[in-house]
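In full-length UniProt numbering, the protein residues as written are 1 to 1160.
Even for Gly, the Cβ is constructed at its ideal location relative to N, Cα and C.
Predicted model, so just to flag it, every value in this text is computed and none were measured.
Structure first, then comments.
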């Protein structure tokens, strides 16, 4: 192609300019051209001015300046000059699997990252120690005698450099005057003096430092000295300081002057000690996080001041304790917005300082306007779950009294008001306790034996006014008052109550409400109650017909477990060591503060919590719905409809339920009878190995009558059946050989030698029949032995399943039985007689079904035997005997499982993958379990790095799987109770022939009803979580507006206070808005998706089960409850909701310079 300097005409001359150009016939494609240009403006349009092209051969300079490139052909550079690779790719086998990807080697960790302490100990320990000892001297300033500050200010004579600050970043030495000058704004640094070759500790007060208050210029015309023994507690120790109060015309009270310099005085008249805001904030967070006592923190301050025990300052522990308690209380008031309210602290209402749950339904705040008109099957979305429990770790000894320590805000947060609560307990002193008084002997010397609490069952947040003291154990009266106090905050009509003794406590609840409860705790409006027992405690209640209290079967409960109080008690039990000896009022203030911290953590963590729960709930819902569909599909539609009606009637019945309980099994001896259908057929029929043999014999007889030729007196079906029997005998002898001393095997089967002799006789007969029905086998074996490729590659992927490592043994149990399934499909026509693979296919199918039925039968027998053993067998002798009997059943299960696996592997070789694998699935050890056995979780791998180098195992392979075990009576900790997320094994869900006794099978009916309930609870959980996400976002938006409304709510005040109140309110509103934005971002997928939830339909009924697990006419949570108690006539729902909104107090924003976020 010749070099052209002119511009070619473009193909399309439109307003849009393209880069495509017209090609000439003499253009050479082997030359690559580039184009360089610049923008050129012509009139109102902009065009590109193209630079001339130049060939590569015409320029001998760097490639960056070239406009074309003509590379030579290089076959090694992804080019194919002779089309060989292309032709090879066309002719290659399209079914050939690509080579297995090589797993990348794991990067070896260095010794520094793997064992940092070892490296530090070997290389750096001495250097670190030397550097620490170096700072015991003057370090960088050795030999400097003149004060650097005096030199810098040209002061003559210069002071002697002998004072060093241990807190300043630059640790140089200065004179005393310059040291004081440096620390006018850092008066709580620790200073030491260089004297006689060592450092000795001195105070800034001894050097002449005076702290002036109320003046930013640190000068006052009329200073007033503080107390001579003034001590200030700071994070680095206890300091003796000289403070000067302001006495001029701008003076304010002395304690106010201290507060304005971020010093918290422990008294107000004659202040002798103060604590810095930084110390109080630090101690507050440390106490909340570690649950340690103030005494421990004060001891640490003493030791950091002087660890020798010499010249220890006078104890200021009680003063610090007062300051910390007041600091906690002020923080509660501040974050609740009481400082922004015109009524101030005096106007605080009961429960107003508590942080409310944003996911709970609050009418007028986070609920839609038409929530009360929701359909019956959707009302569970607007129900409230309250969980109650008692804690006996948070005791309180008889120390002090309420007259001396009344508490700073009892009843303003989580603890109920003391006086009305104790009056009600005294009025019920003669009641019969709900629990036996077994703990009475432990109440000696105690004011309270513990506390009881009411917690939100969804968010695990402690409810306002939901905690009370237990004077003498757990009594109905204590729980009643707590429950009634919480109901004052509830504005919805449905309440689910979870309590570990709800079956007793709920019986006479309505009678106690109407006769005993004081007016201030009675329900303010009609409420429907549903009692429940927490899932962990439910298994301990063995009373008949207790399913009415199970959260697994209560419509609308979702996947809630009711164990929220236990999770609250777990981190707070450590408080018992510090609050046990506190005065009664201070103890309640401390508990309020810690519960507030717990609620705040749940408040800000709501985003990740609900997101994590939603992902798990969607997976669980899909799993349970599909499992229930599979179980329903193998039952008669009429039976399913009958059981569905029974479940719906039981759920709609009020408490106590009089309808028939679908979950109860009265006759435990009834077991389901299964007869399974053929694989790959839509017609339900019996399939067993014996039936297949009979059908094959009949077909062989008809073939011979039609004139067919008989090759041998042993027919082809009998030949294949003989092969299957020999394989089963080989597996039995192999098991026997592993345990030749088995008493069971010896008495039933004879000794090992006799078994092998019998097997050899049958093998000789087999060898005579092989050339008749598999005439090409000998030639195939010769070709196979002469092949250079490995046996695995030659047989192909289908035969790989059957290839096992056969030990080099002369024993007959290891002799290879060649059947059509062991020959690749491509070689079967020349090896086997016509029809022989089809005969083995049918026999193998019957073998698999028979083996599965044997496994099921063993599981039924095992369950009955273990149940009998647990209930009736006692003692080591009888227990050992019964276990030996169960061991025999165990061997039968292993044999049946091995037989099924061998038969399925043969079917996979004969048929290949297909729809039949959905019925005859891979049988894993975890699949071999009964109806009531939970799915075992995968065993955890051992912890890495627990072996010493001298004894660490050298094998790199993984540990072998444990042998199949059927003893599920001993469960691992991670298995749980197994009911909420339990799934049925696929061996019980296979296609089956409906039996006439299914309708009377109580165990099958119970398991179907439980499966239905699990599917319904899974769908409810997904719907509840999405509703809670919406409610949380609305609540945060409302809370942000609530704070903005308090920006200028107070009236007369100084300008600086007005600015502080305004800034604090705006910062709190920003935090609420920021949380809403963050939560909305991580919830974008759940809130923005409209899920296609699978429906559960009863076959032949046409009715679809709704989210609550019932049909469209069934009720939800409230329909299964007893009618609530009407509140007082003058109760106004609107007023109560507005009051509760005004009294909300969950705050915690980014505060001003002296304060961090509420709890970060």
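- In the assembly as shown, residue 212 is a buried residue. Its beta-carbon has 16 or more other beta-carbons within 10 Å.
- The continuous beta strand (DSSP E) containing residue 389 extends over residues 384–391.
- Taking residue 1000 as reference, the option from 845, 662 and 861 with the minimal CA-CA separation is 662.
- For residue 782, the uninterrupted alpha helix (DSSP H) run begins and ends at 777–786, by DSSP.
- Close CB contacts of residue 657 within its chain, under the 7 Å cut and outside five residues either way in sequence, are with 548 and 650 (chain order).
- For residue 193, there is no enclosing alpha helix (DSSP H); the enclosing beta strand (DSSP E) covers residues 191–195.
- Pairing residue 414 with residue 592, the inter-Cα distance amounts to about 6 Å.
- Annotation: the region 144–185 contains the following complete segments of the beta strand (DSSP E) (minimum length 3 residues), in chain order: 163–165.
- Taking a C-beta distance under 7 Å as the contact criterion, residue 350 and residue 411 qualify as a contact pair.
- By the neighbour-count criterion, in which 16 or more other beta carbons inside 10 Å mark a residue as buried, residue 633 falls on the exposed side.
- A direct Cα-Cα distance of roughly 11 Å separates residue 423 from residue 477.
- Within the same chain, and ignoring the five residues on either side of residue 759 in sequence, the residues whose Cβ sits closer than 6 Å to its Cβ are 729 and 812.
- Around residue 141, the same chain offers 172 and 173 as residues with beta carbons nearer than 6 Å, after the five sequence neighbours per side are excluded.
- For the 7 Å CB-CB criterion, residue 1024 and residue 457 do not form a contact.
- When the beta-carbon positions are compared, residue 247 and residue 222 come within less than 7 Å of each other.
- Straight-line measurement puts the Cα of residue 204 at about 27 Å from the Cα of residue 322.
- Take residue 382, set aside five residues on each side of it, and the residues of its chain with a beta-carbon closer than 6 Å to its own are 361, 371 and 492, in chain order.
- Counted as a single uninterrupted DSSP element, the beta strand (DSSP E) harbouring residue 274 occupies residues 273–276.
- Within the same chain, Cβ atoms closer than 6 Å to the Cβ of residue 841 are found at 910, the five residues on either side in sequence being excluded.
- A check of alpha carbon separations from residue 861 across 920, 568 and 892 identifies 892 as the nearest.
- Looking at the backbone, the Cα of residue 482 and that of residue 474 are separated by about 12 Å.
- The region 603–620 makes no contact with the region 505–513; the number of CB pairs closer than 8 Å stays below 3.
- Secondary structure note for residue 463: its beta strand (DSSP E) is the uninterrupted segment 462–470.
- Contact check for residue 498 against residue 521 fails: the beta carbons are separated by 7 Å or more.
- DSSP places residue 1071 in the uninterrupted alpha helix (DSSP H) bounded by 1055–1082.
- Burial is judged here by how many other beta carbons sit within 10 angstroms of a residue's own beta carbon; residue 858 has at least 16 and is buried.
- Between residue 401 and residue 447, the C-beta spacing is not below 7 Å.
- Contact between residue 387 and residue 605 does not hold, since their C-beta atoms are separated by about 19 Å, which reaches or exceeds 8 Å.
- Secondary structure note for residue 264: its beta strand (DSSP E) is the uninterrupted segment 263–265.
- Residue environment analysis places residue 948 among the exposed positions, since fewer than 16 neighbouring C-beta atoms fall within 10 angstroms of its C-beta.
- Here residue 298 is buried, its C-beta having at least 16 other C-beta atoms within 10 Å.
- Here the alpha carbon of residue 772 sits roughly 23 Å from the alpha carbon of residue 907.
- Straight across, the Cα-Cα distance linking residue 258 with residue 264 is about 7 Å.
- When the beta-carbon positions are compared, residue 147 and residue 137 stay at least 7 Å from each other.
- Of the residues 1069, 268 and 589, the one whose Cα lies closest to the Cα of residue 468 is 589.
- Bounds of the beta strand (DSSP E) holding residue 245 are 243–246.
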